[in-house]
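Data block below; observations after.
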Amino acid sequence: MTERLVVVGGDAAGMTAAARARRRRVPDELEIVAFERGPFTSYSACGIPYFVGDLVTDIDELVARTPEEHRRNGIDVRTEHEVVGIDVDRRRVRVRDLLSAGGEERDEPFDQLVVATGAVPFRPDVPGIDADGIFGVQTLADGVAVRRAIDERAPNRAVIVGGGYIGLEMAEALVRRGLEVALIDLTEQPLAATLDADMGALVADALRAVGVTLHMGEPVDGFDTTDGGAVRAVRTARRMLPADVVVLGTGVRPETRLAEAAGIALGDTGGIVTDSRMETSVDGVWAAGDCVETIDLVTGRRGVVPLGTHANKQGRVVGINATGGDVRFPGVVGTAASKICAYEVARTGVTEREAARAGIDVVAATIEATSRAGYFPGAEPITVKVVAERPTGRIVGAQIVGEEGAGKRIDVLATAIWNRMHVDEVAGLDLSYAPPFAPVWDPVLVAARKAASML
Ligand SMILES: Cc1cc2nc3c(=O)[nH]c(=O)nc-3n(C[C@H](O)[C@H](O)[C@H](O)COP(=O)(O)OP(=O)(O)OC[C@H]3O[C@@H](n4cnc5c(N)ncnc54)[C@H](O)[C@@H]3O)c2cc1C
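Start counting the sequence shown at 858; every next residue gets the next number (the numbering used here).
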């Protein structure tokens, strides 16, 4: 008998699961149906800032696989169909057709279910938050809406609320589009949840250098609107910032409303709980991507780490396991990278601040070097910070800020953390050297050596 796999959410996690399942089972054995609320499938939300900033001009370039391509691959994709309920006992989902006049609903049965509903931008609960012109950014449709507002309304002033990496990438994009951009955050530095203060200060300088005005340590009190309901200013205790457009970079929360209503277990951090095979508390119901909790291999704690890299890997694990395989998602070490104005910014493991919160006693070594041999054209400053556990010397974190060629160096340190290496071992690694790529002592080795000497 043909089994039926239903996927809720048609982006990274959901469609990776569907495509992997399709490769393992022919349509006669397994029918695969994917429901997606929006018009796009398998898109790169990560590319939204580059689309808004006009580095990418064609939205199609951000779509890895269209609904039609998925259908040709034997996956029955139904876009603009929203799943509004999951009945795990009767093994069916309730689906609303968003294109039908009355929003028709019907039940769709499943044998296996994949919940890949992603995340939703966090919207601070302040007056005026629902005004026209205030955008959260998560799906490609959100990106299209922001770009349309810039193209059609030709705004002059933008305020970014929240200095996480999405807020900063969007700030840079809007500067590229010629807007006057201000950034407000309640913390004292940009990327406060990602970097330690000393490294975040470098990023703040890079933002100021392109003309972004920073207002740090200022919570937003509310938004003022025009008579027509459009945003016109952002209010804090200290100032009123005029704004024709506002982008929220205040983080995301896992989209778990469906799962919660269905009785699927959520964890303390708000994400769906799964085992390492990505199966939820309900047999044959799987979850992957921004909506799930995962384990941090450095601290041993569970958390929600909403990144595309994990969504794709977890989706693959689900696609294999939901079709009878047995693979695991091992967890994460908190590696992330972003390009903010002149700088490539990257981190892995824990920051000094996160180490303190997790009760890990650490030393931290920061060094400045160059990305290439000092004499080689294009050599640029690079700052590397390595965090090591005391007294063991195990490397538990690293941060890098620098120009071209800096960011991907974090992968060496991520690999070292993954393998529980000690800083003196990292300092002795056989890393490549030639003047166009690195000084003879790569900055990674120098930082690790300094950390080792401090232990
Ligand atoms: C601006 C931006 C930049 C980013 N940059 C990076 C980066 O550089 N590196 C990185 O690793 N990650 C990055 N990310 C994060 C990455 O995009 C996400 O982690 C990834 O998209 C998560 O994939 P997902 O499938 O879990 O969720 P999503 O991509 O959010 O997809 C979930 C889908 O489910 C659909 N859906 C939700 N509920 C329902 C329902 N009830 N019925 C039907 N459909 C539903 C939604 O419409 C959505 O399309 C970025 C994100 C943004 C917004």
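Glycine included, each C-beta is placed from N, C-alpha and C at the ideal position.
These numbers were taken from a predicted model, which means no experiment stands behind them.
So residue i is in the alpha helix (DSSP H); what residue range does that whole segment cover?
i	result
residue 1310	1300-1311
residue 908	905-909
residue 927	924-929
residue 920	No alpha helix (DSSP H) contains residue 920, which DSSP labels as neither H nor E.
residue 1057	1054-1066
residue 1025	1022-1033
residue 894	Counting along the chain, residue 894 falls outside any alpha helix (DSSP H), and DSSP gives it neither H nor E.
residue 916	Per DSSP, residue 916 belongs to no alpha helix (DSSP H) and is neither H nor E.
residue 1118	1114-1118
residue 1210	1209-1214
Assuming residue i is part of the beta strand (DSSP E), what are its boundary residues?
i	result
residue 1170	That residue, residue 1170, is in no beta strand (DSSP E); its alpha helix (DSSP H) goes 1165-1178.
residue 1259	1252-1259
residue 1017	1014-1018
residue 987	Run containing residue 987: none; DSSP gives neither H nor E here.
residue 1270	Counting along the chain, residue 1270 falls outside any beta strand (DSSP E), though it belongs to the alpha helix (DSSP H) covering 1267-1275.
residue 1200	1200-1206
residue 953	949-954
residue 962	962-966
residue 944	938-944
residue 865	860-865
residue 980	No beta strand (DSSP E) holds residue 980; DSSP gives it neither H nor E.
residue 1037	1037-1042
Does the Cβ-Cβ distance between residue i and residue j come in under 8 Å?
i	j	result
residue 1296	residue 1226	yes
residue 1015	residue 952	no
residue 839	residue 1076	Residue 839 lies beyond the stretch modelled for the chain, which goes from 858 to 1312, so this question has no answer here.
residue 1088	residue 1191	no
residue 1019	residue 1042	yes
residue 1199	residue 1264	no
residue 1182	residue 1253	no
residue 983	residue 1084	no
residue 994	residue 1027	yes
residue 865	residue 974	yes
residue 1113	residue 1123	yes
residue 954	residue 965	no
residue 891	residue 1172	no
residue 888	residue 861	yes
residue 1121	residue 1139	yes
residue 1188	residue 1147	no
residue 1137	residue 882	no
residue 911	residue 1034	yes
For residue i, which residues in the same chain have their Cβ closer than 7 Å to its Cβ, ignoring the five residues on either side in sequence?
i	result
residue 904	913, 919
residue 1110	976, 977, 979, 1127
residue 1281	1250, 1309
residue 1311	1220, 1222
residue 1086	988, 989
residue 1210	1053
residue 1046	1054, 1057, 1058, 1061, 1073
With a threshold of 16 other CB atoms inside 10 Å of the CB of residue i, please say whether the residue is buried or exposed.
i	result
residue 875	buried
residue 858	exposed
residue 884	exposed
residue 957	exposed
residue 877	buried
residue 1259	buried
residue 1011	exposed
residue 1163	buried
residue 901	buried
residue 906	buried
residue 1009	exposed
residue 1178	buried
residue 946	exposed
residue 1065	exposed
residue 1096	exposed
residue 959	exposed
Any idea which residues DSSP pairs residue i with across the strands?
i	result
residue 1077	1093
residue 1222	1243
residue 1136	1143
residue 1151	1160
residue 992	1104
residue 1238	1227
residue 972	865, 1144
residue 1189	1153
Using C-beta distances below 6 Å, list every residue in its chain close to residue i, excluding the 5 sequence neighbours before and after it, in chain order.
i	result
residue 1174	1135, 1184, 1186
residue 1290	1297
residue 1224	1241, 1303, 1304, 1307
residue 1288	1299
residue 922	899
residue 1273	1252, 1283
residue 1024	1017, 1106
Beta-carbon within less than 8 Å of residue i's beta-carbon, same chain only, minus the 5 sequence neighbours each way: which residues are those?
i	result
residue 1090	1080, 1081, 1097, 1098, 1099, 1100
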